[in-house]
Each structure stands twice: as C-alpha cells, then as structure tokens.
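Below is one structure, written out as structure tokens; the observations come after it.
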Amino acid sequence: MPSVMTSKVIPAPIDTVWNMVRMFNGHDHWHPIVANSQIEKGTAEDQIGCVRNFKLSSGEELREKLLTLSDAETMFRYCLIETPIPLYNYVAELRLIPATLQNHCFIHWSARFQTPKDQTKALINLVQNSIQRAGIQAIEKKVTAHVD
Amino acid sequence: MPRIFVSSVIPAPVEKVWERVRDFNALPDWVPMVAESHIQDGMLPDQVGCIREFSLQNGDRITEQLVALSDYDMSISYTMLMTPMALENYFATLRLTPVTETKETFVEWSAEFDCAPEDAEDLIETVSVGVFETALKALARRFLS
Numbered sequence: 001m002p003s004v005m006t007s008k009v010i011p012a013p014i015d016t017v018w019n020m021v022r023m024f025n026g027h028d029h030w031h032p033i034v035a036n037s038q039i040e041k042g043t044a045e046d047q048i049g050c051v052r053n054f055k056l057s058s059g060e061e062l063r064e065k066l067l068t069l070s071d072a073e074t075m076f077r078y079c080l081i082e083t084p085i086p087l088y089n090y091v092a093e094l095r096l097i098p099a100t101l102q103n104h105c106f107i108h109w110s111a112r113f114q115t116p117k118d119q120t121k122a123l124i125n126l127v128q129n130s131i132q133r134a135g136i137q138a139i140e141k142k143v144t145a146h147v148d
Numbered sequence: 149m150p151r152i153f154v155s156s157v158i159p160a161p162v163e164k165v166w167e168r169v170r171d172f173n174a175l176p177d178w179v180p181m182v183a184e185s186h187i188q189d190g191m192l193p194d195q196v197g198c199i200r201e202f203s204l205q206n207g208d209r210i211t212e213q214l215v216a217l218s219d220y221d222m223s224i225s226y227t228m229l230m231t232p233m234a235l236e237n238y239f240a241t242l243r244l245t246p247v248t249e250t251k252e253t254f255v256e257w258s259a260e261f262d263c264a265p266e267d268a269e270d271l272i273e274t275v276s277v278g279v280f281e282t283a284l285k286a287l288a289r290r291f292l293s
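Order-wise, the sequence lines are chains A and B. Just so you know, we're using this note's numbering here: the first sequence kicks off at 1 and counts up by one. Just so you know, we're using this note's numbering here: the second sequence kicks off at 149 and counts up by one.
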C-alpha cells in the first residue's frame, strides 16, 4: 500500500496555523486545487463523521469524511468516500507540532491508499505534489502573510 | 507530574542526525555539559536495557537506562536511575522526523518526572532550558559547518 508524506517548518506560531487548518470545510479558502466545498446535511465541520463535499478546480467532485479531530494533538484524519480518481482506502492525516525553540510550526501531512498498479507512480506524484506540497505551500503563504 | 517538551529543526538530513543521537553512549560528542560516558557491564549502546553512566563538566554523575530504541520511528526512550537532581520516575523520549521539503530534521524531546511540588519550577527550567535546549542548539551547530 503506497504511503506518502510531506513535511515542512512554517515560520508562524502553531495556533495561527491550527486555527486555519482545523476547519474541515475551510480548505476551499486555502488549497489551490479546491474550488468550493460544503458540509453535507448541515452538520458542523468539526463534528466527527461529518462529510465535506467538494469540487476541484479541474471539475472532479469528491467526498471526504472526518475521522479524527484532536485539538490536544493538533491533528485531524479523514478518508475519501467518493472519488472519480482511483484512490481507494485513502486515509490521510494532517498534524501540527510546535517547534518550540523557534516558535514555528512543523506541519506533517501523510496519506496511504490503494490504487491499480499501473497508476501507483502517477497517483503518488499527484498526492505528494498537487495535494500535500501545494497545500503546505499555500498554508505557509497565507499564515505568513498574516504574521507579517 | 511535570511534563517537558522542547523541539527544534536541525539543518541536516534525518539519517545523519539519527546516526548521531541513536548512539546511547555518544553524549560527550554533542551535549556540551557531558564530560565522559560509558556503558556498564559490557553491553552495547544499542542494546535495549543497557545503562550509560556519564559525568557532567561540574562533576555530577548520572546513570540512565535505555528502555526503547526504534530505527523505524527514529526514537529513543530512557529513564534516569541515579541523579543528584531531586526527581524520580524520569522518562524521556527523543524523536526525529524528516522535514521533506528542506531535507532537514525535526527533533522532539519530551520528558516527564515526579518531584516535590516546590521543586517543580526549578527542575522544569533545568531540564527544558539547561539540558534539552542547550543540547539541541549544540546538535544544530554540529551540522552547520
């Protein structure tokens, strides 16, 4: 089962980053590939089990379910439940850890999934670059703009 | 029970940093206040259960036991057996995670221990600033040149 992770230290306090990313429905405000997103059935976006239904700027529609949200550990986990992209049993985790000596924030985004063998390489690349790396860069840009 | 958490970024790939910190007998190589260290009873420094006995520059002697070592998680945990500090049940873990975007290393060092309530503030300061911060800054410097 492929697993992919991307991590970076962002020069902003962890609270600033967490306030932004803990909102499960807020990714359309910062992730460059997410065009719009809504929570199904009018549930709260920090209610475990809620589903975000969102559209990519390329047109694909996906649904993801919130599995875990921890303010104590500053992390959340979610899984894909519907996707036109062949990412099966996809579970991802985004975790923040303070870098106490710098008062910066270490961000760690990981995912594992199953996919047809001939597509493994392309999808690892998609998850790593278009989702994780692009997302982390966008988070950094947004929070450091606030800090400055 | 006081808890301590100190973390930082080391400007080197995780494999290089792990090679250094996984050696339970190598404190004198990177922790400035440690003068000398040896492993008791002829055990190896990566043998879980081994005991390191080391002396500080100020002459204090400390023994610590390796209770967990994982090359897979890049983490090392140990307890303190003998120390001049007024604390007990000291348990610490040092863990490394790669920073993939910059090819550096994120290091977390945590500890918990029991002590008399009136000593807690001083002991937290000693361990977090005097030991962990000082050691992590020294570790970072070793990889700068």
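In this text, a Cβ means the ideal position worked out from N, Cα and C, and glycines have one as well. Keep in mind that this is a model prediction, so the values were computed, not measured.
DSSP state of residue i mapped onto helix, strand, coil
i, result
"E40(A)", "helix"
"F106(A)", "strand"
"D46(A)", "coil"
"P246(B)", "strand"
"E184(B)", "strand"
"R63(A)", "strand"
"P116(A)", "coil"
"T83(A)", "coil"
"F54(A)", "strand"
"V143(A)", "helix"
"N25(A)", "coil"
"L292(B)", "coil"
"P152(A)", "Residue 152(A) lies beyond the range of chain A shown here (1 to 148); nothing can be said about it."
"D189(B)", "helix"
"V279(B)", "helix"
"D171(B)", "coil"
"V34(A)", "strand"
Integer-rounded CB distance, given that residue j should sit under 8 angstroms from residue i
i, j, result
"V4(A)", "I10(A)", "V4(A) to I10(A), Cβ: 19 angstroms. No contact."
"I107(A)", "S7(A)", "6 angstroms"
"I210(B)", "T231(B)", "5 angstroms"
"I14(A)", "C79(A)", "No, I14(A) and C79(A) are not in contact; Cβ-Cβ is about 25 angstroms, not under 8 angstroms."
Opposing strand residues paired with residue i [DSSP bridges]
i, result
"S70(A)", "M75(A)"
"M5(A)", "S110(A)"
"I10(A)", "C105(A)"
"L229(B)", "Paired residue(s): none; L229(B) is not in a bridge."
"E213(B)", "Looking at the sequence provided, one finds Gln at residue 213(B) rather than Glu. Paired residue(s): I199(B) and T227(B)."
"W257(B)", "V154(B) and L242(B)"
"E93(A)", "R77(A) and S110(A)"
(request) Examine the Cβ distances between the segment 31-40 of chain A and the segment 157-167 of chain B and report whether three or more of them are shorter than 8 angstroms. (result) no
(message) Does the contact criterion of 3 or more C-beta pairs under 8 angstroms hold for the segment 269-281 of chain B versus the segment 15-29 of chain A?
(response) no
(message) Would the segment 254-264 of chain B count as touching the segment 278-287 of chain B if we require 3 or more Cβ pairs under 8 angstroms?
(response) yes
(request) Pull out every residue of the segment 2-20 of chain A whose Cβ sits closer than 9 angstroms to any Cβ of chain B, in chain order. (result) M5, T6, S7, K8 and V9
(request) Select from the segment 243-261 of chain B all residues with a C-beta closer than 8 angstroms to any C-beta belonging to chain A, and list them in chain order. (result) T245, P246, V247, T248, E249, T250, E252, F254 and E256
(request) Taking only beta carbons into account, state which residues of the segment 105-122 of chain A come closer than 7 angstroms to chain B, listed in chain order. (result) F106 and H108
(message) Along the segment 77-109 of chain A, where does the CB come closer than 9 angstroms to a CB of chain B? Name the residues.
(response) I97, P98, A99, T100, L101, Q102, H104, F106 and H108
(message) Would you call the segment 88-95 of chain A in contact with the segment 61-77 of chain A, where contact means no fewer than 3 C-beta pairs closer than 8 angstroms?
(response) yes
(request) Select from the segment 194-207 of chain B all residues with a C-beta closer than 9 angstroms to any C-beta belonging to chain A, and list them in chain order. (result) none
(request) Give the residues from the segment 132-144 of chain A that approach chain B closer than 8 angstroms (Cβ to any Cβ), ordered along the chain. (result) R133 and I136
(message) Closer than 8 angstroms between beta carbons: that is the criterion. Which residues of the segment 150-161 of chain B meet it against chain A?
(response) F153, V154, S155, S156 and V157
(request) Taking only beta carbons into account, state which residues of the segment 275-289 of chain B come closer than 8 angstroms to chain A, listed in chain order. (result) E281, L284 and K285
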